[in-house]
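Take a look at the structure set out below.
There are 2 protein chains.
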Amino acid sequence: MGTVPRFGENGLVARITKEFRTQNPSTVKGIGNDSSVINNIDRLTLVSTDMLLEGIHFDLTYFPLKHLGYKCVIRAISDIYAMNGNPNQLLVGIGASSRFQAEAIEEIYVGIKLGCEKYGVDLVGGDITGSLTGLAITVTAVGSVENESLVTREGARVNDLICVTGDLGGAYIGLQILEREKKIFEKNSGIQPDLSGSDYVLRRQLKPEIPLDILGKLKDKDILPTAMIDLTNGLATDLMQLCGASGVGCKIFPDRIPIDSETSRFAEDFHIEPLIPALNGGDDFEMLFTVPVTMHEKLSGIKGVSIIGHITEKEEGLRIVGDDGTNVELDAPGW
Amino acid sequence: MGTVPRFGENGLVARITKEFRTQNPSTVKGIGNDSSVINNIDRLTLVSTDMLLEGIHFDLTYFPLKHLGYKCVIRAISDIYAMNGNPNQLLVGIGASSRFQAEAIEEIYVGIKLGCEKYGVDLVGGDITGSLTGLAITVTAVGSVENESLVTREGARVNDLICVTGDLGGAYIGLQILEREKKIFEKNSGIQPDLSGSDYVLRRQLKPEIPLDILGKLKDKDILPTAMIDLTNGLATDLMQLCGASGVGCKIFPDRIPIDSETSRFAEDFHIEPLIPALNGGDDFEMLFTVPVTMHEKLSGIKGVSIIGHITEKEEGLRIVGDDGTNVELDAPGW
């Protein structure tokens with residue numbers, strides 16, 4: 001440890017972040033002290049951190065820096081919404097190799113600023129450091145929630161309905177299209193990328209959003225989920241996490257898993273069964289949650305919520321039950 | 001974004017972190033949810049995050065992984081102590097290339113555990129991800145402080161005494177010794193490293209500690225600093241930060257800057273004026289703080305605190321005034 005800053009990183013942070021305005025009364029001190037100071041007196045504090053590394057989590061060949069900054073904000077605050085909280089503060093650390101000029105860092109921060117403004121989040125920490133290779137970004141989100149509104153992964157109970165917001169698999173298909181065009185471009189740089197008709201899935205990958213409208217409607221109708229997790233690793237993995245934390249099993253019905261028509265169409269182009277990206281794709285930033293079965297009627301009036309199954313006893317395992325009588329165990333890569 | 005975990009990272013985190021016990025009543029939920037949940041009712045919440053990248057912030061040729069884990073804890077919590085708060089929670093994210101086996105990650109966590117136990121901090125977030133090259137570590141510390149005890153960088157006033165804890169420059173000299181032995185080893189791997197007589201400076205680099213005893217004595221004597229910052233970038237840079245944030249100038253006296261005899265001796269071996277590592281070395285994890293001049297007597301009884309100068313009007317600038325009448329402007333690399 002011990003490093004001489006390149007292009008005066010502290011100065012660069014100060015210059016970039018002076019455009020940021022704080023919006024939350026809970027933000028007491030932002031950038032410019034050893035730590036940020038947050039006043040969550042009366043409320044629980046939520047803290048989540050993510051590390052994003054070039055070549056692992058993103059590919060700058062097709063991922064614009066501004067979008068990357070925006071998506072980092074979404075990624076961080078999604079974890080706070082998944083606890084049924086509200087994000088209020090964000091801390092960002094960037095490690096960048098000499099390949100990146102100050103303008104590139106500023107471009108990332110343009111996206112961060114857009115995300116902060118859209119979701120009412122204050123940037124309270126910023127750090128820029130050198131890196132030997134590529135770009136590394138760390139985002140820490142801080143939020144708050146009233147004690148009685150906290151939702152964890154641990155509260156799902158037998159017979160609870162399993163719900164997801166929005167539709168799934170789009171971000172993965174968007175990524176496949178970008179990867180395909182990258183390969184074509186690498187072979188022949190004269191060919192322009194063919195992204196026609198893929199607006200929706202590309203947006204799902206490059207500019208995801210939090211399903212705020214649906215979360216708002218749940219609150220309006222006094223529906224407090226018994227458990228919740230954000231869908232960032234794919235439905236299969238995230239459902240396994242939720243069931244594992246709650247000590248329960250589940251039964252889900254594949255025909256109830258919401259998949260957009262554009263996702264299905266491109267999946268078929270790629271000779272992929274559309275259910276696969278929905279189950280294993282990740283990066284959808286939708287919410288997976290459970291509610292007591294008594295909420296069924298209340299839920300049915302909310303557009304954008306799909307009931308995809310229900311919670312079972314732990315011993316029954318995690319099952320996918322098809323219309324045709326198939327009944328297979330849920331499996332996820334990396335587990 | 002979107003990555004298939006290597007060696008089931010979630011499982012590895014779960015396995016490693018099950019050895020960790022939480023100790024703070026403010027820790028409501030630790031690892032295993034989308035975000036950690038902290039109860040800082042009645043107190044302000046402090047959050048600080050640091051990113052440490054291999055080859056920039058540490059060199060694994062001579063930095064043992066266990067020590068690296070420990071130092072990451074120190075680095076993170078030092079920022080919380082610098083606000084006069086107490087650290088309570090820690091979140092760690094690790095990105096590791098295929099060069100690192102699970103055992104290496106576990107070794108880092110052994111050091112993290114030691115640090116957490118020593119300083120009473122709960123690990124509440126852990127994440128392991130792949131990396132294309134090398135090792136990247138993100139540490140986020142969360143702490144709390146009573147409203148009236150908060151100390152920022154912004155409160156230094158004209159005539160305040162400028163104080164530092166411990167002694168300075170040792171960590172830098174320790175690093176120079178390690179770098180020297182690395183170069184010798186690279187030329188001839190048959191030669192064993194010569195680290196004799198350098199216990200103190202090596203410990204300053206490889207296993208730094210927070211000056212808890214001194215911070216405790218300040219509290220015992222009801223000495224609330226007007227401003228404080230931790231010494232991680234070197235006295236010159238950190239003093240410039242503090243004075244800049246407070247809108248003041250300063251005058252410091254080089255002969256009052258505390259330097260350990262081992263630091264001085266090795267500095268001379270390296271043909272470095274001992275004052276240089278003290279001013280610019282960094283990584284000392286001592287505290288730089290200011291107190292009203294009326295505290296002079298109270299302070300003088302505290303071992304390990306050196307009064308190195310005083311705060312002046314902003315217009316007077318930042319000056320180093322020697323015994324011999326020299327009067328030069330304070331300068332810091334990277335500014």
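Chain order of the listed sequences is E and B.
Position 16 of the first sequence, counting from 1, maps to 16 under the working numbering, and the rest follow consecutively.
Position 6 of the second sequence, counting from 1, maps to 6 under the working numbering, and the rest follow consecutively.
Where a beta carbon is used, it is the ideal one built from N, C-alpha and C, also for glycine.
Annotated as distal: E146 of chain E and D230 of chain E, with beta-carbon spacing of 9 Å or more. By the criterion of at least three beta-carbon pairs nearer than 8 Å, the region 254–263 of chain E is in contact with the region 155–174 of chain E. Across the region 24–35 of chain E, CB contacts with chain B closer than 7 Å involve V28, K29, G32, N33, D34, S35, in sequence order along the chain. Here N327 of chain B is exposed. Its C-beta has fewer than 16 other C-beta atoms within 10 Å. According to the DSSP assignment, M240 of chain B belongs to the alpha helix (DSSP H) that extends over 235–246. With respect to chain E, the C-beta atom of L123 of chain B has no partner C-beta closer than 9 Å. Interface flag for E54 of chain E against chain B is set, since a Cβ pair is found closer than 9 Å. Approximately 5 Å separates the beta-carbon atoms of A156 of chain B and V248 of chain B; this is inside 8 Å, confirming the contact. In chain order, L65, K66 place their CB closer than 6 Å to the CB of E107 of chain B, counting only its own chain and leaving out the 5 sequence neighbours on each side. DSSP places D50 of chain E inside the beta strand (DSSP E), whose first and last residues are 44–53. Those residues of the region 91–113 of chain E placed with their C-beta closer than 7 Å to a C-beta in chain B are L91, G93, G95, ordered along the chain. Within the region 96–135 of chain E, complete beta strand (DSSP E) segments of at least 3 residues are found at 122–130, given in chain order. The Cβ-Cβ distance between R99 of chain B and G134 of chain B falls below 9 Å. Contact between L53 of chain E and A136 of chain B holds, since their C-beta atoms are separated by about 6 Å, short of 8 Å.
For L46 of chain B, the neighbours in chain E by C-beta distance under 8 Å run, in chain order, S35, S36, V37, I38. Your pair G125 of chain B and V92 of chain B checks out as a contact, with CB atoms roughly 7 Å apart and the cut at 8 Å. Among the residues facing chain B, V328 of chain E is not included, as its CB has no counterpart in that chain under 9 Å away. Along the region 219–298 of chain E, the alpha helix (DSSP H) occurs as fully enclosed runs of 4 or more residues at 235–246, 261–269, 275–280, listed in sequence order.
Here DSSP, grouped into helix, strand and coil, assigns F63 of chain B to coil. When the Cα atoms are used, I252 of chain B and V321 of chain B turn out to be separated by approximately 6 Å. Cβ contact annotation for E273 of chain B (same chain, cutoff 8 Å, sequence separation greater than five): A267, in chain order. In summary, the residues of the region 212–238 of chain B whose CB is separated from some CB of chain E by less than 7 Å are I229, D230, in the order they occur in the chain.
C163 of chain B is positioned such that its CB atom lies closer than 9 Å to that of F289 of chain B. The Cβ-Cβ distance between I94 of chain E and D42 of chain E does not fall below 9 Å. In its chain, beyond the 5 residues on either side, P277, G281 have a beta carbon closer than 6 Å to the beta carbon of Y172 of chain B. Contact fails between the region 65–85 of chain B and the region 69–81 of chain E, because fewer than three Cβ pairs, one in each stretch, are under 8 Å apart.
Going by DSSP, L175 of chain B is part of the alpha helix (DSSP H) stretching over 170–187. Contact check for I307 of chain B against L318 of chain B fails: the beta carbons are separated by 9 Å or more. For V201 of chain E, the enclosing alpha helix (DSSP H) starts and ends at 199–206. If you check the CB distance, S35 of chain E and L46 of chain B come in under 9 Å. For K29 of chain E, the uninterrupted beta strand (DSSP E) segment begins and ends at 27–29. Residues of the region 149–167 of chain E with a C-beta less than 7 Å from any C-beta of chain B: L150, T152, R153, listed in chain order. A direct Cα-Cα distance of roughly 22 Å separates T226 of chain E from L330 of chain E.
Across the region 248–279 of chain E, no CB contact with chain B closer than 7 Å is found for any residue. Residue pairing from DSSP leaves S300 of chain B without any beta-bridge partner. Residue burial is scored here from C-beta neighbours: R21 of chain E has fewer than 16 other C-beta atoms within 10 angstroms and is therefore classed as exposed.
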